[in-house]
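One structure below.
Protein chains in written order, with the numbering used here: chain P, 5 to 470; chain W, 5 to 470; chain H, 5 to 470; chain F, 5 to 470.
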């Protein structure tokens, strides 16, 4: 028995049925579907459309179905075209005709809409938590190795010395912005569409605000036509996930590079590497390569749903069923990837020696230019002076610091013997003491501020979806 | 003369120069680049790195360059590889060596980063305004035709009667969510990266908070490595643009359909249609088809930048220059499309007669089921009863309302003669009187609320970027 | 026991293992993996690296494993990280140490590469077949209703009369191009990478050409570094799938529109529609809406893999494991969607009456202009004359054909009474008798040619992958 | 004067006009539009619809317009909504009313369709040529440095020694597949849509085959409805471009890595690097980073057009105007990027010393395992033996080759003193002498074959579009 058979004389094509049915994947919504139905039963009772007894029977039945799912003993029927049908069918078996009253004024359109909101809010919370654990691991590494100096690169070419802790904290802030975006997304997902019917609104005097409050949501949708086909919050989550994936791919790229033999700044723990079926010596950073690759599917999911929505007429169209697979896949991908990356970060070992070996005095060229600036030379001129010194050192095949004072003065008479003080990596670091700079003091301040944010948003994340 | 020539002995390949140069498109940043440099000069002066005179000379020079651009008489040189180089070169011509001090502690990396933030904030404001005008046009149409009844469709099949005003207001709320997303994006774009240097932070005692305040920005970036390669706010804007484009594509689809000969619910103004080079009778909704098509490029821009960012090592890499074209294109596309759609909405004429002709009593089938519900029949049973009545009417080839009371009672003895009261489109409309429903009262309430939001966010949009 | 444990002292993190393992999805490659291993065993034997006995043992073992999979009784172990490991592990259980010789000179890199080629070739063949069935259904409808006339639309506005059979055949040719693209893709997938080792080539004197021939492939890869990370054929297939999906989405859009109440040119069979949980009268074209929506995931899959490949260093990187999910999903999606669409086409009923009712004489405006052209008026002038006549008819609210001869002559003295012959839909149709035109004769010719192509490519498709 | 004004009473909104007009970008089609019109005029004359004189006047007029464009002195009018209108308007000015006959039986729909085919065919030819130059540069580098040995990497971890020439040739074959795909695309773009009218076919007895032949095209479109909205060849080209972009991004990644200080295997010529505005010592591989970034826009263009096509009703819809920008952008991007990459390859210097320094005997672990295999040990066991040896060497912090024979024999008694012969990078290289392997002989063979292919496809590319 389908929910809609009355006016049909023929039967559904078998391949069509398989094509159309969504129970094979939307069963994952069981808990939120039951939650939504429970709240709706209460709303119907408050509106006088269910007796107290009927309401209690429905709640008891739903409770039992919830256990059946949770304990993996829910028996699906071939006619269960989706999770909503399956639960209604089972409820009818359990409590009889009263089950048929639960759909009063409700359509699968507003039912699935609210289910998705609830499921999304939970998923955002879980993603929040996974991200926070990763952020905590980044802070830990930064604190443990607060003053290791490494070459900073731009364009993958040596640029200026930076603290290892500063580098690793740069990822904290990317994920912090992701947290903020997830939080904003949760706010928009917390608007309750239930009570919108199929498209025109509910004809019975349901108290929608009370219903929303029962479900822990913060507002009700203001237009029923929009409500039943609004998937903005899902696309927005997929965007957040794609951007998280992009950040993870950049982190993975850095870690793969810095643990490669050309750098060796980091050693990955064996637990996160694998070997080769052919080459006995290999230890490959598969965890990070997969992480980098996962950004592809996350972006693909986003594109997929945007394409589904493009040009769709208003209200519900079945195309929207294609929102679930990308959403489920994005959530699963993040749930799987984030803890692995957290594990990688927690267990990796920075190699201070290798970092040190890679520090070349040409990294201090800008500091030499700054020396001239501090002695009154306009920066642009100073830059050219030092550029010529760098070229000279390169031609002589010596480090910049090994040029003689005479060489320096030949390019600019402003140089005096104290220029040699500028050839200190520590000094170069400590000079960058503005907020956000790489000086140890600034990084310590950064870490303190990061810890506060971490504490904050965990609180707020929870409140936003409750 | 380039900014970086000192250490180079050879010269740049000519094709490489064309490939690398960005002046041909990034000249659009001239005003924000000058704004950023002006604020930076003040910061240098406050930090004692420029004299009062030097600062004034720089400000005067920048002012003049601004006029030259604004009046379209800025003379570019072949060596102007980007807008930053061009302005610095011109400033040197105008005020001499003092211009060379402006780059003290500053890199093109933090310079272009802050330019993009400022440009983006302005663009968001403009998009806000264009969206608000479109929203106002939607409200106008809703108010003017508050009680026109049209068939509501789901799956492009007739579902239930709805108010035309309810349908058109459904788009208001999509754009309202877009406004909220833009607002959140602006908040994140309002964090000032200037003072981050190339990647390690500024070595001079610049007051970054004061600098941010001068630029009307609300905070400073907490990590210089992240700051110089953070393009999150740009990707986020591209996402907002893609979703706005998707909403516009759905509106366009509805309008194309409803103005097509199969529906004729709307007549588009000639000013927004065009003819055919071959077929003399044609009047084509080109404006709306192009609008629908523009969603493609907006999604393409988003994908493009996400792909650029994927797997990029941290800090600045030249790949990031590929952020500008998609950003500029997305802003231009919205600036061009939104006013046209606003014009279409403002000038289109709803055709009440055609809507009326399309109202069929099968649209009231749910109301008949509700009649049974109100007489105690569980909805699921009522649904099946009415399903059979619909099938009967179809077989007899008569409207549902033309079945006799006997026919009704044959399916369910609960039917009495007052069932005929349910065959009223007006009554069906007025029953959906929950918040968000299609009852006239509910829609009026919706419009009031929409006007308040419109007034609100225009205020807040302004404040967010100032 | 992993394939690569020797040099590892620690163990793999449990979450990492789940993250890394691919057996949960790549078990689908079992048949092709066994096929590849069988051929490789023969090659080893021919090169003197396996004895005849060892080879026979391996073949027998593989045969048994194939049955175990086919009969769904293959017992997986927790250490089976992928299908290759699982089969090698099982083979060792079955035949002992000889199994360990199968990996001589072979790496999982070239093993998985050849598996994917073989699996892809099979999938292309299946897609070919599904497409051909759909094409046959289109031809059937065209032949059965060869001379039904319907309005042709451009911009969804009435343009010129066309044959229903001409319209439906337009889809035949889209799919015909898809067939050609698949064929080209198969050609490129038929180049055998086995014998490339991990990246450097096989150190043993394997006869790669014979190996390729054993596997029914047409050539061997010319560079081992390229061979192990080449996924071009998979991306190319995903592109073909995305374009097929786009064609299907256009067909679905047409069918949804033409079966909607605004048109009613087609009636979809009940077997491919579903009802509503709320509205008893609904019959929704879910099959077609889902089909339209599936284009999203197909495009998403393509984008996903392109993003994975972007910026990847050469040779094998684990990111490439992300090729399988999008490939499997695309193949499954096509295998599921195409037969449903074929069913929709086979069972739908064109409604000649509704088409006829929608024919308006303004559709013949171009024919009236052509009348003038045939009497020597330049087309551009004729177009303007008829444009004014159309406007006149519109203002008088009469059909174009109802204007008097005087009205016609007032706009152009060239009109004579025989202009009324032009007001014939049949005549308008029959005039378009160039190749590809909508005249019945031309469409019959088109159908004949389509049948030939269909016969042709089925043959060639088979030959390309065998 | 527009082409379609007759039936319009009002005028077009000014913003709408700007939105709708495409002349600002489609003027680039001028030469192919003129080519198409010239051929169409001949066809009309052959069909008796133009006199010999009219035809000659049209050809002369078109010729003159072509010069005006080529010499940059074509004067556009504000009413020129697109290139087709502009040329027809100018032709009328030049030759009077005969110009109005050129549109007989032709619509902008089939006109723009053929223009795009012709423009695409030219662009494919140009891309072919640029790719071939890049391929030639790759071959040159391979030949010049045929026997340099470098570490081969998988997962960015050292794997086995390979020839530098083998590595660089791996890119030859990626581009070779791109050439093949472009060739297939050209075949499909060479089907002439002219003669399809607006959608229904041409009502005049035009000889379409002769017309196609005149335009150098190989066939005529078989269905006019399909022909006017078929953009498959454009999407297919965008796919080819996206995949070329992906290949270029991989090459760029390799070159950026291998020229970075962690590797130094290559030195890029100064002509293809740039400096830093802040850091005097920098030399950044901007050319390659931009190249890597360009893959983003190429993928974005593909996604954009696929999204435009998704769900579009059949025949021409104005959304299709959005095909041009992505096509033009993709062609421009390739035309700009490919020569730069060719320049990078031509001028870069491999650094044999740095490669040599990076060769570690653990790269020969597989060869040691192969030693055991050759002495009868199953490979899987050999792999474990060598894995333990690698671990031992690592623990002792000595190269694998420095373990004593005793150490070797402790793990496997099969080892004898001749195992030391296996510690030769040259020997490891020369053992991979299967087709596609890295042995010098195999690479020489590969280069010979590459040169043949290069010669071949240049011939065939030309023939395909002529």
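Quick reminder that beta carbons are idealized off the backbone N, C-alpha and C, glycines included.
Does the CB of residue 335 of chain P have a neighbour CB from chain F at under 9 Å? no
Segments of 4+ residues assigned as alpha helix (DSSP H) that fall wholly inside the segment 303 to 378 of chain W: 328 to 351, 356 to 361, 369 to 378
When you compare only the Cα positions, how much space is there between residue 182 of chain P and residue 284 of chain P? 40 Å
Is the shortest distance between the beta-carbon of residue 166 of chain H and the beta-carbons of chain W less than 9 Å? At a cut-off of 9 Å between beta-carbon atoms, residue 166 of chain H makes no contact with chain W.
When you check each C-beta in the segment 146 to 163 of chain H against every C-beta of chain W, which residues fall closer than 9 Å? Residues of the segment 146 to 163 of chain H whose Cβ lies closer than 9 Å to any Cβ of chain W, in chain order: 155, 157, 158, 159, 160, 161, 162, 163.
Check the Cβ of residue 303 of chain P against every Cβ in chain W and list those closer than 8 Å, keeping chain order. 307, 310, 311, 314
With 8 Å as the C-beta to C-beta threshold (strictly closer), list the residues of the segment 7 to 28 of chain H near chain P in chain order. Within the segment 7 to 28 of chain H, the qualifying residues are 7, 8, 9, 10, 11, 12, 13, 14, 15, 16, 17, 19, 20, 22, 23, 24.
Tell me, please, which residues DSSP counts as bridged to residue 158 of chain W. W:161
Checking contacts by CB at 9 Å: is residue 345 of chain P closer than that to chain W? no
For residue 444 of chain P, does the count of other Cβ atoms within 10 angstroms reach 16, so buried, or fall short, so exposed? buried
From residue 156 of chain H to residue 52 of chain P, what distance separates their C-alpha atoms? When rounded, the separation of the alpha-carbon atoms in residue 156 of chain H and residue 52 of chain P is 54 Å.
Can you list the residues of chain W that residue 103 of chain F reaches, using a CB-CB cut of under 9 Å? What residue 103 of chain F touches in chain W: nothing, since even the nearest Cβ is about 13 Å away.
With a threshold of 8 Å on Cβ separation, who are the neighbours of residue 267 of chain H within its own chain once the five nearest residues in sequence on each side are excluded? 261, 358, 362
Going along chain H in order, which residues have a C-beta closer than 9 Å to the C-beta of residue 330 of chain P? For residue 330 of chain P, the chain H residues whose C-beta falls within less than 9 Å of its own C-beta are 300, 301, 304, listed in chain order.
In chain P, which residues lie less than 7 Å from residue 201 of chain H when you measure between Cβ atoms? 282
Taking Cβ-Cβ distances below 9 Å as the criterion, which residues of the segment 260 to 275 of chain H are in contact with chain P? 260, 273, 274, 275
Can you tell which of F:298, F:287, F:61 has its C-alpha closest to the C-alpha of residue 255 of chain F? When C-alpha distances from residue 255 of chain F are compared across F:298, F:287, F:61, the shortest belongs to F:298.
Answer yes or no: does any C-beta atom of chain W fall closer than 9 Å to that of residue 97 of chain P? no
What are the uninterrupted segments assigned as beta strand (DSSP E) that are 3 or more residues long and contained completely in the segment 113 to 183 of chain P, given in chain order? 153 to 158, 161 to 167
Let me see if you follow: with CB-CB separation under 9 Å, is residue 320 of chain F close to chain H or not? Yes - at least one Cβ of chain H is within 9 Å of the one on residue 320 of chain F.
Option nearest residue 117 of chain W by Cα separation, candidates W:250, W:420, W:30, W:198: W:198
Quick check: is the beta carbon of residue 38 of chain H nearer than 9 Å to any beta carbon in chain F? no
For residue 404 of chain F, tell me which candidate among F:24, F:378, F:373, F:384 has the shortest Cα-Cα distance. F:373
Quick one: grab the DSSP three-state call for residue 294 of chain P. Of the three classes helix, strand and coil, the one that applies to residue 294 of chain P here is helix, per DSSP.
Alpha helix (DSSP H) containing residue 96 of chain W: first to last residue? 87 to 99
Taking residue 473 of chain W and residue 421 of chain W to be in contact with their CB atoms under 8 Å, please state how far apart those CB atoms are, rounded to whole angstroms. There is simply no residue 473 of chain W to check, as chain W begins at 5 and stops at 470 in what is shown.
Spatial neighbours of residue 469 of chain W within its chain, please: CB distance less than 6 Å, with the 5 preceding and 5 following residues excluded, ordered by chain position. For residue 469 of chain W, the predicted structure reports a pLDDT of 39, less than 50, and the residue's modelled location is therefore unreliable. The matter cannot be settled from this model.
What's the gap between the Cα of residue 467 of chain H and the Cα of residue 192 of chain F? The predicted model places residue 467 of chain H with a pLDDT of 47, which falls under 50 and marks its position as unreliable, so this point remains unresolved.
Within the chosen definition, does the segment 54 to 61 of chain H reach the segment 227 to 243 of chain H through at least 3 CB pairs nearer than 8 Å? no
Kindly list, in the order they appear in chain P, the residues whose Cβ is closer than 8 Å to that of residue 258 of chain W. 317, 318
Counting beta carbon pairs with one atom in the segment 215 to 223 of chain H and one in the segment 430 to 449 of chain F, are three or more of them shorter than 8 Å? no
Go through its chain and collect everything with a Cβ distance to residue 323 of chain F's Cβ below 7 Å, but skip five positions before and after it. 312, 316
Any C-beta of chain H under 9 Å from that of residue 423 of chain F: no
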